[in-house]
Amino acid sequence: MAVISDSNEAVRLLKNGGIVALPTETVYGLGANALDEHAVAKVFKVKNRPSFDPLIVHVASIEQAKLIAEVTDEAEALFRRFSPGPLTLILQKKQIVPDLTTSGHMTVGVRIPNHPIVLEVIRNSGLCIAAPSANPFGYTSPTNAAHVFDQFGDGIDAVLDGGPCEVGIESTILEMSETPKILRLGGLSIESIEDVIGKVIIESSSSDPKAPGMLSSHYNPGVNVRLFESLNEMLSQYKVVNKSSIGLLIMGKGPCGDNMYNLSTSNDDVEAASRLFTGLHQLKAKGFREIWAHSVPENGLGRAINDRLKRAAH
Ligand code: TXA
Ligand code: MG
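In this note's numbering, the protein residues as written are 1017 to 1330.
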């Protein structure tokens, strides 16, 4: 990994699907093109999250926010008052945002960060940038470029050095539901928010607001999913059933056909993760009454894939 100070280099890497740690006013973020599933999958992998957790998408303006989310009047009022700044709004997502970026949620977290360098990168690249805090799962968020360098080594393409972060704690996350709800306390006070939109609910002070169980229905593709221990076990059962009603989700070397979707023939966990939701959607769209899938090796993103398959099969 290189520590760089040229924002044009960061733009070039990001446009090529790279992962670049970027300075924001809160903490450094692990940035990637939010609309590129493969790049987003790499972010999940290097962060080593035990399961997918939706990413915040960073934009440079309210106009750009409207490309990826439904910005209500109330949300616009908040952005006008506090952005750029440490506020993330959870809004209805537009279709252009991949399911992987939002972990299957119909909503997307949107933030306009207040740091000249990251704003320059967003503007010059024209990208919307997905960025979780640039720390491996369970570690403290980085507030300078050296933290990022020490924690990631060669796991990412570069860190763009923008000096120490001014805010140093993550953004406040506000879900814009009927009664707006704080999902994470952060760099913007509740009082400031209530000043603009009145009383808000505080869901919890946890940094991981949504219990994983709440997400389960999002992963259910709308048909029964049956999960097998291994590809071999799945295929041996498949031999003895009526095949016309079953779609197969496969990873690795296996049969191929119209009723099958291969996540990655080369067993690449990043590729598989980036194709998982798409595969489930496609098999559902083909009208199968059941989708069969098998557990994949528990390394890298494999754990997250298995976690999602288990929820889908629940
Ligand atoms: O200050 C920050 O927000 C930093 C900088 C880099 O912008 N980013 C950050 O990202 O803290 P991360 O991934 O470490 O934390 C984002 C939190 C996660 O707990 C995630 O569950 C929540 O935001 N989140 C993101 N999208 C969401 C959604 N659609 N619904 C509910 N929660 C969401
Ligand atoms: Mg974090």
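For every residue, glycine included, the Cβ atom is placed at its ideal position computed from N, Cα and C.
Boundaries of the alpha helix (DSSP H) in which ASN1240 is found, first to last residue: That residue, ASN1240, is in no alpha helix (DSSP H); its beta strand (DSSP E) goes 1240 to 1244.
Within the present structure, is the beta-carbon of PRO1148 separated from the nearest heavy atom of ligand 2 by less than 7 Å? yes
DSSP on ASN1049, reduced to helix/strand/coil? strand
Considering only heavy atoms of ligand 2, does any lie closer than 7 Å to the CB of GLU1186? yes
Nearest CA to the CA of GLY1214: which residue from LEU1071, VAL1286 and ILE1198? ILE1198
Can you tell me whether GLY1273 is helix, strand or coil according to DSSP? coil
Can you tell me which of the three DSSP states ALA1076 falls into? coil
Straight-line gap, GLY1120 to ILE1020 (C-alpha atoms, nearest Å): 34 Å
Please indicate yes or no: does the CB of ASP1284 lie closer than 7 Å to some heavy atom of ligand 1? no
On the three-state DSSP scale, how would you describe ALA1057? helix
Same chain only: Cβ atoms within 6 Å of VAL1087, ignoring 5 sequence neighbours per side: ALA1081
I want to know whether the region 1292 to 1312 touches the region 1245 to 1258 - three or more CB-CB distances under 8 Å. yes
7 Å CB neighbourhood of PHE1293 in its chain, flanking five on each side removed: ASP1115, LEU1116 and GLY1120
Assuming contact is defined by CB atoms lying nearer than 8 Å, are ASN1142 and THR1159 in contact in what I supplied? Reading off the sequence shown, one finds Gly at residue 1142, where the question assumed Asn. In this structure, THR1159 does not lie closer than 8 Å to GLY1142 by Cβ.
Closest Cα partner of THR1040 within the set ILE1084, PRO1102 and GLY1033: PRO1102
Close beta carbons around GLU1287, own chain, < 6 Å, minus the five adjacent residues each side: SER1280
Supposed close pair LEU1135, ALA1076 - CB separation, criterion 8 Å: 5 Å
Once you ignore the five residues that flank GLU1210 on each side, which residues in its own chain have a CB closer than 8 Å to its CB? VAL1216
Under the three-state DSSP convention, the category GLN1298 falls into: helix
Could you give the DSSP three-state label for SER1233: helix, strand or coil? Confidence at SER1233 is low in this model, with a pLDDT of 42, below 50, so the placement of that residue should be treated as unreliable; the coordinate-derived value is given next. Helix, per DSSP.
Spatial neighbours of ASN1275 within its chain, please: CB distance less than 6 Å, with the 5 preceding and 5 following residues excluded, ordered by chain position. GLY1263
What I want to know is whether the C-beta of SER1141 ends up closer than 7 Å to one or more non-hydrogen atoms of ligand 2. no
Proximity test, SER1157 beta-carbon vs ligand 2 heavy atom, cut-off 7 Å: yes
Any non-hydrogen atom of ligand 1 closer than 7 Å to HIS1121 Cβ: yes
Taking the alpha-carbon positions, what's the ALA1328 to PRO1237 distance? 7 Å
If I'm right that ILE1106 touches ILE1206 with Cβ under 8 Å, what's the distance once you round it to whole angstroms? Actually they are not in contact, since the Cβ atoms of ILE1106 and ILE1206 sit about 16 Å apart, beyond 8 Å.
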